[in-house]
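Engineer: For the record, the sequence lines run as chains Y and E. Using my numbering, the first residue of the first sequence is number 36, and each one after it goes up by one. Using my numbering, the first residue of the second sequence is number 36, and each one after it goes up by one.
There are 2 protein chains.
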Amino acid sequence: MIGKGLLIVISGPSGAGKGTICRELLKNNPQIRISISATTRKPRAGEEDGVNYHFITEDKFRQMIDEHEFLEYAVVYDNYYGTPERYVMNNLQNGNDVLLEIDIVGALQIKKKFRDAVFIFILPPSLGELRNRIVNRGTESPPDIEKRYDAAVSEIKQVMKYDYAIVNDNISKAIQDIEAIIRAEKCRVLRNYKEILSRF
Amino acid sequence: MIGKGLLIVISGPSGAGKGTICRELLKNNPQIRISISATTRKPRAGEEDGVNYHFITEDKFRQMIDEHEFLEYAVVYDNYYGTPERYVMNNLQNGNDVLLEIDIVGALQIKKKFRDAVFIFILPPSLGELRNRIVNRGTESPPDIEKRYDAAVSEIKQVMKYDYAIVNDNISKAIQDIEAIIRAEKCRVLRNYKEILSRF
């Protein structure tokens with residue numbers, strides 16, 4: 036149903052370092068494509084349309100919902116975020132792996148549609164370090180910092196809904212863990228038994 | 036229950052190359068211990084007691100069965116093969132990974148006792164290559180070659196009982212696959228959630 040590519044879902048709280056991990060992972064693994072989410076939130080400093088997100092209006096977002104163009108969507112901090120379906124499906128069907136960096140609400144929607152997808156949760160080294168990273172990013176106001184920190188703590192309690200958890204205390208170790216997960220998942224009998232039985 | 040080490044079960048038909056893969060895997064991964072099976076079969080040329088197998092008499096084997104000293108045992112080609120329990124349990128409890136290179140009957144016994152164990156099936160590149168390898172090994176008489184070949188073909192039909200399948204068309208690729216599986220399995224939420232929830 037999803038072709039030969041692997042659908043990889045990566046989530047984790049603000050400050051866990053998902054963004055950096057995903058960027059580095061793509062550099063070393065040309066068969067992986069990242070799905071760019073659509074969002075109604077305003078771009079942060081340095082963010083580019085079509086690179087970090089497709090920045091669209093709320094009207095446009097609602098229209099895409101009505102036309103069933105999202106694989107999943109969610110409202111987070113009063114903004115919409117969604118994964119456009121076509122890009123993901125085309126790449127999976129062509130045998131590329133597709134990476135979705137999405138929140139837990141979105142991940143659970145994907146889990147219902149794609150039982151073959153692989154769900155990875157990125158953890159910060161500790162709660163203290165998590166708070167430091169949110170503060171040091173400097174993009175949030177103090178009340179938003181607290182809001183994100185509290186949200187992060189409750190998100191971590193949902194780690195059980197994921198297949199794998201990686202503690203991001205070292206970027207290159209975290210990337211090697213994800214590469215190992217992708218390689219291992221491709222050896223799963225459940226993904227290969229038809230080919231095996233036809234070959235032997 | 037099985038401590039922090041990973042119990043890795045590797046099976047595959049004669050000629051798939053399990054033995055070579057396991058030896059090479061141990062060279063690069065000092066945290067992995069291999070469990071040496073006990074058997075009542077005669078040593079082949081070059082095999083050493085305590086290295087390839089613990090070669091024991093049928094009387095001794097039956098006594099060990101009676102004293103519940105095996106994690107699993109099976110009769111294959113009229114010979115007994117079994118995994119002594121103590122070595123495996125001690126190593127898992129000390130945090131070492133333990134590799135069992137055993138047949139399917141034994142693997143299914145382990146599966147009942149250790150739901151956390153990881154089951155890997157090694158496949159030959161093709162049936163033609165499988166026959167060549169059994170013939171070229173030169174340790175079997177022609178009727179035994181046919182017996183092993185037929186057994187191999189029906190063993191492969193049971194690949195669905197394993198978690199992972201690796202085609203051994205290239206030794207170093209096969210070893211990297213197994214190393215990735217071990218690394219990925221250690222990131223599984225199911226193995227780590229107690230530690231994660233106590234830390235966050």
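All C-beta atoms, glycine included, are put in the ideal place defined by N, C-alpha and C. Every value quoted in this text rests on a predicted model; they were computed, and no experiment measured them.
Of all the options Y:A209, Y:I231, Y:R223 and Y:N114, which has the alpha carbon lying nearest to the alpha carbon of Y:T75?
Structural biologist: Out of Y:A209, Y:I231, Y:R223 and Y:N114, Y:N114 has the C-alpha closest to the C-alpha of Y:T75.
Engineer: Between the region 165-182 of chain E and the region 191-209 of chain Y, do three or more beta carbon pairs fall short of 8 Å?
Structural biologist: No contact exists between the region 165-182 of chain E and the region 191-209 of chain Y.
Engineer: I think E:I100 touches E:I155, with their Cβ atoms under 8 Å apart; what is that distance to the nearest whole Å?
Structural biologist: The Cβ separation is near 27 Å, so there is no contact.
Engineer: DSSP beta-bridge partners for Y:V153?
Structural biologist: Paired residues: Y:I43.
Engineer: Taking contact to mean at least 3 C-beta pairs separated by less than 8 Å, is the region 132-143 of chain Y in contact with the region 37-48 of chain Y?
Structural biologist: Verdict: yes, contact present.
Engineer: Could you give the distance in angstroms between the alpha-carbon of E:Y108 and the alpha-carbon of E:N126?
Structural biologist: The alpha-carbon atoms of E:Y108 and E:N126 are separated by roughly 19 Å.
Engineer: By the criterion of Cβ-Cβ separation under 8 Å, what are the contact partners of E:D101 in chain Y?
Structural biologist: By Cβ distance, chain Y contributes nothing, its closest Cβ being about 36 Å from E:D101, past 8 Å.
Engineer: Chain Y beta carbons: is any one of them nearer than 8 Å to that of E:Y228?
Structural biologist: Yes - at least one Cβ of chain Y is within 8 Å of the one on E:Y228.
Engineer: Going by DSSP in three states, E:D132 sits in which element: helix, strand or coil?
Structural biologist: DSSP places E:D132 in strand when its eight states are reduced to three.
Engineer: Which of the three DSSP states, helix, strand or coil, is assigned to E:A187?
Structural biologist: Three-state DSSP puts E:A187 in a helix.
Engineer: According to DSSP, simplified to helix, strand and coil, what is Y:T75?
Structural biologist: Three-state result, Y:T75: coil.
Engineer: Counting only beta-carbon atoms, is Y:I37 nearer than 8 Å to chain E?
Structural biologist: Any reading at Y:I37 must be qualified, since the residue scores a pLDDT of 44, below 50, and its modelled position is unreliable; the value itself is stated next. Output row for Y:I37: interface = no.
Engineer: Express the C-alpha separation of E:A186 and E:R121 in angstroms, rounding to a whole number.
Structural biologist: Going by the C-alpha atoms only, they are around 30 Å apart.
Engineer: In chain E, which residues lie less than 8 Å from Y:M195 when you measure between Cβ atoms?
Structural biologist: Ordered by position in chain E, the residues that pass the 8 Å Cβ test against Y:M195 are V224 and Y228.
Engineer: Helix, strand or coil: which one does DSSP assign to E:A51?
Structural biologist: Of the three classes helix, strand and coil, the one that applies to E:A51 here is coil, per DSSP.
Engineer: Label E:P78 either buried or exposed according to how many other C-beta atoms from any shown protein chain fall within 10 Å of its C-beta, with 16 as the threshold for buried.
Structural biologist: With fewer than 16 other Cβ atoms within 10 Å, it is exposed.
Engineer: Name, going along the chain, the residues of the region 198-211 of chain E whose beta-carbon falls closer than 9 Å to a beta-carbon of chain Y.
Structural biologist: Listed by position along the chain: D198, Y199, A200, I201, V202 and Q211.
Engineer: Under 7 Å Cβ-Cβ, which residues of chain Y neighbour E:R218?
Structural biologist: Within 7 Å Cβ-Cβ: D212 and A215.
Engineer: Determine, using beta carbons only, whether Y:I169 comes closer than 8 Å to chain E.
Structural biologist: It does not: the Cβ of Y:I169 has no partner Cβ on chain E nearer than 8 Å.
Engineer: For the alpha helix (DSSP H) that Y:G163 lies in, which residues bound it at each end?
Structural biologist: Run containing Y:G163: L162 to R172, per the alpha helix (DSSP H) assignment.
Engineer: Note down the Cα distance separating E:N171 from Y:G141, rounded to an integer number of angstroms.
Structural biologist: Cα to Cα, the separation comes out at about 55 Å.
Engineer: Please report the distance separating the alpha-carbon of Y:K146 from that of E:E59.
Structural biologist: So the two alpha carbons sit approximately 38 Å from each other.
Engineer: On the criterion of 16 or more Cβ atoms from any shown chain inside 10 Å, does Y:R234 qualify as buried, or is it exposed?
Structural biologist: Y:R234 should be labelled exposed.
Engineer: Taking 8 Å as the CB-CB cut-off, is E:L41 touching chain Y?
Structural biologist: No, its Cβ sits nowhere closer than 8 Å to a Cβ of chain Y.
Engineer: Show which residues of chain Y have a CB atom less than 8 Å away from the CB atom of E:I231.
Structural biologist: Residues of chain Y passing the Cβ test: L158, I191, V194 and A200.
Engineer: In the DSSP assignment, what are the bridge partners of E:Y199?
Structural biologist: In the DSSP output, where bridge partners are listed per residue, E:Y199 has Y:R223 and E:I155.
Engineer: How should Y:K53 be labelled, buried or exposed, when 16 other C-beta atoms within 10 angstroms of its C-beta is the threshold for buried?
Structural biologist: With 16 or more other Cβ atoms within 10 Å, it is buried.
Engineer: Closest to E:Y116 by C-alpha separation, out of E:N129, E:Q128, E:Q144 and E:G130, would be which residue?
Structural biologist: When only C-alpha atoms are compared, the closest one is E:Q144.
Engineer: Report all residues from its chain with a CB closer than 6 Å to the CB of Y:M36; omit the five preceding and five following residues, and keep chain order.
Structural biologist: Residue placement at Y:M36 is flagged as unreliable, the pLDDT there being 40, under the threshold of 50; a coordinate-derived value is accordingly withheld.
Engineer: Taking C-alpha atoms, which residue in Y:R168, Y:R97, Y:L232 and Y:P119 lies nearest to Y:Y88?
Structural biologist: Among Y:R168, Y:R97, Y:L232 and Y:P119, the Cα nearest to that of Y:Y88 belongs to Y:P119.
Engineer: Could you give the DSSP three-state label for Y:A209: helix, strand or coil?
Structural biologist: Y:A209 falls in the helix class under three-state DSSP.
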